[in-house]
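>
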Amino acid sequence: MASIVDDPNGRRRILFVAPDEKRKTIRLGKIDRRTAESICRHIEALLAAKITGQPLARDTATWLAGVAPKLKDRLAAVGLIEAEKKLSVKQYLDDWLAAKRTGGYKPASLIAWGQTVKELTALFGTKALTALTHADGEAYRAAMQGRKLRLTTVNKRLIHARQMLEDAVRFGHISATPWKHVRQRQGDPSERRAYVSVADTNRVIEHCPNVWWKLLVALARFGGLRTPSESFSLTWGDVDWERGRLSVPSPKTEGAGKPHRVIPLFTLLRPYVEAAFEHAEEGSTFVFPLEYRKRAHGPAGWVNANLRTTFEKVIRRAGVDPWPRLWHSLRASCESDLAQSFPLATVTKWLGNTPSVALRHYVDPTEGAFDRAASWVPESGAKSGAQEAQNAAQQVPAASRREPQEGGANNDGVAGYATPCDSLRDTANLSSGGAGHGIVAIRGIRKFNQNNNLRRWKFQARQLPGPFSEQNQNTSGCTKRWCRAAVSCSSNEQETPSFVYSAMHRFNRCNILARSL
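The numbers in the numbering used here rise by one with no breaks, and the one at position 495 of the sequence shown is 488.
1. Just to confirm the assignment, what range does the beta strand (DSSP E) spanning glycine 22 have?
2. If distances are taken between C-alpha atoms only, which option among His253, Leu239, Leu144 and Phe304 comes closest to asparagine 203?
3. Using the DSSP secondary-structure output, state which residues sit across from isoleucine -3 in a beta bridge.
4. Between the alpha carbons of glutamine 466 and serine 368, how many angstroms are there, rounded?
5. For aspartate 129 and alanine 69, I'd like the C-alpha separation in whole angstroms.
6. For serine 240, report the span of its beta strand (DSSP E) as first-last.
7. Under DSSP, the alpha helix (DSSP H) around isoleucine 44 begins and ends at which residues?
8. Considering only the alpha carbon of each residue, which of Arg150, Ala366 and Lys23 lies closest to proline 0?
9. Within 8 angstroms, do at least three Cβ pairs link the segment 124 to 138 to the segment 169 to 176?
10. Relative to the alpha-carbon of threonine 145, which residue among Arg67, Lys15, Glu184 and Leu125 has its alpha-carbon at the smallest distance?
11. Hey, quick one: how far does the alpha helix (DSSP H) through proline 348 stretch, first residue to last?
12. Given a threshold of 16 other Cβ atoms within 10 Å of its Cβ, counted over all protein chains shown, does glycine 429 qualify as buried or as exposed?
13. Using DSSP with H/G/I as helix, E/B as strand and the rest coil, what is arginine 254?
14. Quick check: the segment 216 to 232 against the segment 358 to 365, are at least 3 beta-carbon pairs closer than 8 angstroms?
15. What residue range is occupied by the uninterrupted alpha helix (DSSP H) comprising isoleucine 198?
16. Evaluate the contact criterion for the segment 111 to 118 versus the segment 88 to 100: three or more CB pairs, one atom per stretch, below 8 angstroms.
17. Can you give me the Cβ contacts of histidine 35 inside the same chain, cut-off strictly under 6 angstroms, excluding the 5 residues immediately before and after it?
18. What does a CB cutoff of less than 6 angstroms around asparagine 2 pick up in its chain, not counting 5 residues either side in sequence?
19. Identify, in the order they occur along the chain, each residue of the same chain with its Cβ nearer than 7 angstroms to the Cβ of glycine 72, setting aside the five sequence neighbours on each side.
20. Roughly how many angstroms lie between the CA atoms of lysine 83 and glutamate 159, to the nearest whole one?
21. Starting from tyrosine 85 and walking both ways along the alpha helix (DSSP H), at which residues does that stretch end?
22. Taking the C-alpha atoms as reference points, what is the distance between glycine 409 and valine 370?
23. Compare the beta carbon distance of alanine 211 and tyrosine 285 with 8 angstroms and say whether it is the shorter of the two.
24. Can you tell me which residues form a DSSP beta bridge with phenylalanine 279?
25. Given 8 angstroms as the limit, is there contact between the segment 191 to 206 and the segment 311 to 329, that is, 3 or more CB pairs closer than that?
26. Going along the chain, which residues of its own chain have a beta-carbon closer than 6 angstroms to the beta-carbon of tryptophan 343, five neighbours each way excluded?
27. Checking the sheet assignment: what are the DSSP bridge partners for alanine 121?
28. Going by Cα to Cα distance, which pick from Glu235, Arg254 and Arg238 is closest to proline 244?
29. Can you give the Cα-Cα distance for isoleucine 198 and tryptophan 206, rounded to whole angstroms?
30. Looking at the secondary structure, which residues open and close the alpha helix (DSSP H) in which aspartate 52 lies?
31. At the level of alpha carbons, what is the spacing between threonine 260 and threonine 246?
32. For the putative contact between isoleucine 74 and leucine 39, defined by C-beta atoms under 8 angstroms, what is the C-beta separation to the nearest angstrom?
33. So, helix, strand or coil for aspartate 314, using DSSP?
34. Would DSSP call aspartate 233 helix, strand or coil?
35. Within the same chain, show all residues whose beta-carbon is closer than 7 angstroms to that of arginine 214, passing over the 5 residues directly before and after it, in chain order.
Encoded structure:
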């Protein structure tokens, strides 16, 4: 029989005689009497099962399965239950990685996971998995930062570590993920990305040792293929000469149900494919000879290491400084160029990634984009002064016109009229003489929503050729080139210039000529 002992300090303990006839104690701490009695009954059941060799009653077995680890350790210490084996971090991680190796995952993923497992084992290998804490996660992050690893690398390995601990929760080894809130700011991928121009690429290709190296560089830069996995997986059956298509095998995405993608046989790429076809052996299946494919295929799969050294020598021989991430930057430069001319959704289909990945890791503004932007103007402001003058002159005779123009209503519910306001009918006011002000062409559109409520004003004003006196500018905001007040798009009558408002409050659309105030 077991008995409850109340200690003077408010704590309770249970006393019983074990099967070896030794008196044992289980300390419960400060708990209420009813809970202590319940535990005492289960201890008696455990003791009886131990003595008789009978299985536990269902309610006691259920209680034991949910008992706290601390009390379970005390029950094991007095011999009432078998002590559970503590699963160490090393044991769990070794089993986890072994399961991944047999799960059909890509070699590159296994290598990345293996690096994280190696680091965690070195730091916490002998520690019980259940003993890991948030502080251990912070220590792991600090250790990586102390080795000057890139922010992106630190973030990625923390993600892998959390993935391993989340699997431990799923398998029932731990109750919660202790590193859930251990985070690391992601680095900027553009710091290691470089745009390789077509001119630099052509110089590098000219110094390549043979037709196969030229094709390898061209496939990465002009076709956007991943090197070496996609380039060295190409077969001559993937080339559709007649339709100008290239079916690209994609080992990286085949696990996601996308074993290949189709890209155009781009103009810059086609000559190198044709040259390689002329040099290919009769009856060959793969585009690249076996000797090249073997060099880039290591024990764990495709690797770049056996290509990097030679490629760096070729780049230096061409008089070009090697760029970061040699092969990835070529592919990213290809996607950046394509994104300037084709919809991003189309480009990502060709390159085998997603728009979000492309914008973060691949696409950058090119020099050509900056050059075009330097001379770019919006379409609404692209008309020349002569065109504005011609348009304005054509609309002056329509002063008495009140009826709607053809197609007077559009999708926004805007009716169109052409008329100058009454205060500006005097032709003397439309001349460019007088006080030396130039003529301003003003176009205003008042738009309504479906409830016929004023939605917004749209104004356009451009200074036409003619004399202009900067000394006579007033608070309406007119400047030498633009009338800022008229372009302010304000629906407030008090803020709208009088010569614009007098036209706008009466007509939905108005094209007028007015001498600047």
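Built from N, CA and C at the ideal position, the CB exists for glycine as well.
With the structure as the only source:
1. First-last of the beta strand (DSSP E) with glycine 22: 16 to 22.
2. Looking at His253, Leu239, Leu144 and Phe304, the one whose alpha-carbon comes closest to that of asparagine 203 is Phe304.
3. Its beta-bridge partners are Ile7.
4. At glutamine 466 the pLDDT is 34, less than 50, meaning the model places this residue with poor confidence and gives no usable figure here.
5. In a straight line, the C-alpha of aspartate 129 is about 28 angstroms away from that of alanine 69.
6. Run containing serine 240: 238 to 242, per the beta strand (DSSP E) assignment.
7. Residues 26 to 45.
8. The question names proline, but residue 0 is aspartate in the sequence shown. Closest in alpha carbon position to aspartate 0, among Arg150, Ala366 and Lys23, is Lys23.
9. Contact between the segment 169 to 176 and the segment 124 to 138 is present, because at least three Cβ pairs lie under 8 angstroms.
10. Among Arg67, Lys15, Glu184 and Leu125, the Cα nearest to that of threonine 145 belongs to Glu184.
11. Element bounds for proline 348: 348 to 354.
12. Residue placement at glycine 429 is flagged as unreliable, the pLDDT there being 35, under the threshold of 50; the coordinate-derived value follows with that caveat. With fewer than 16 neighbouring CB atoms inside 10 Å of its own CB, glycine 429 falls in the exposed class.
13. For arginine 254, the three-state secondary structure derived from DSSP is strand.
14. Output reads no: the segment 216 to 232 does not touch the segment 358 to 365.
15. Per DSSP, the unbroken alpha helix (DSSP H) holding isoleucine 198 starts and ends at 191 to 199.
16. Not touching, per the Cβ criterion.
17. Hits under 6 angstroms: Thr53 and Trp56.
18. Closer than 6 angstroms at Cβ, skipping near neighbours: no residue.
19. Excluding residues within five positions, the ones whose Cβ falls inside 7 angstroms are Ala11.
20. The straight-line gap separating the alpha-carbon atoms of lysine 83 and glutamate 159 is approximately 16 angstroms.
21. Element bounds for tyrosine 85: 82 to 94.
22. Residue confidence is low: glycine 409 scores 34 on pLDDT, short of 50, so the model does not pin down where it sits. Its coordinate-derived value is still stated next. Inter-residue distance for glycine 409 and valine 370 is about 26 angstroms (C-alpha atoms, whole angstroms).
23. Taking 8 angstroms as the Cβ cut-off, alanine 211 and tyrosine 285 do not qualify as a contacting pair.
24. Answer is Thr228, bridged to phenylalanine 279.
25. The segment 191 to 206 makes contact with the segment 311 to 329: 3 or more CB pairs, one atom from each, lie closer than 8 angstroms.
26. The beta carbon of tryptophan 343 sits closer than 6 angstroms to those of Ile256, all from its chain and outside the five residues before and after it, given in chain order.
27. Alanine 121 is bridged by DSSP to Ser81.
28. Residue Arg254 is the option with its Cα nearest to proline 244.
29. Going from the Cα of isoleucine 198 to the Cα of tryptophan 206 covers about 8 angstroms.
30. From DSSP, the alpha helix (DSSP H) with aspartate 52 extends over 51 to 59.
31. The alpha-carbon atoms of threonine 260 and threonine 246 are separated by roughly 26 angstroms.
32. 7 angstroms between Cβ atoms; contact.
33. Coil.
34. Correct three-state label for aspartate 233: strand.
35. So the qualifying residues of the chain are Val189, Thr194, Leu323, Ser326 and Cys327.
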